[in-house]
Amino acid sequence: GWAHEAIFFVRALETDVADQWLHARVEISPDGMHWCREGETLMLPDGVDLPAQDISFCRVAHFGSWLRLAGELPPGTSMRVIVYLTLKE
Numbered sequence: 010g011w012a013h014e015a016i017f018f019v020r021a022l023e024t025d026v027a028d029q030w031l032h033a034r035v036e037i038s039p040d041g042m043h044w045c046r047e048g049e050t051l052m053l054p055d056g057v058d059l060p061a062q063d064i065s066f067c068r069v070a071h072f073g074s075w076l077r078l079a080g081e082l083p084p085g086t087s088m089r090v091i092v093y094l095t096l097k098e
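Numbering (my numbering), first residue to last: 10 to 98.
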């Protein structure tokens, strides 16, 4: 890999999910097609205190070249977010 450290920031712009503990998970891949869980999770902003608590983050190291953030919402709900990925050598 070309970076040694990554930080995911997730900023919630709007959501109808309230009072639920939702998580996204970091996943890694050897080729960008086949993915496995890296182990790090990120608690998503829950919408209760938007905009005061609208951002969360997690740090990742030793991830190779392919990295993504994956998560699911309860059926019938939605969340609009911006995901920032900061990479450092």
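The C-beta atom is built at its ideal place from N, Cα and C for all residues, glycine as well.
Check, Outcome
"Quick one: using the 10 Å Cβ neighbour count with 16 as the cut-off for buried, is F72 buried or exposed?", "buried"
"Is it the case that the Cβ atoms of S65 and D25 are separated by a distance below 9 angstroms?", "no"
"Going by DSSP in three states, V26 sits in which element: helix, strand or coil?", "coil"
"Give me whichever residues DSSP pairs with L51 in a beta bridge.", "A33"
"By Cβ distance, which residues of its chain are closer than 8 angstroms to T50, with the 5 residues on each side in sequence left out?", "H32, A33, R34, V35, C67"
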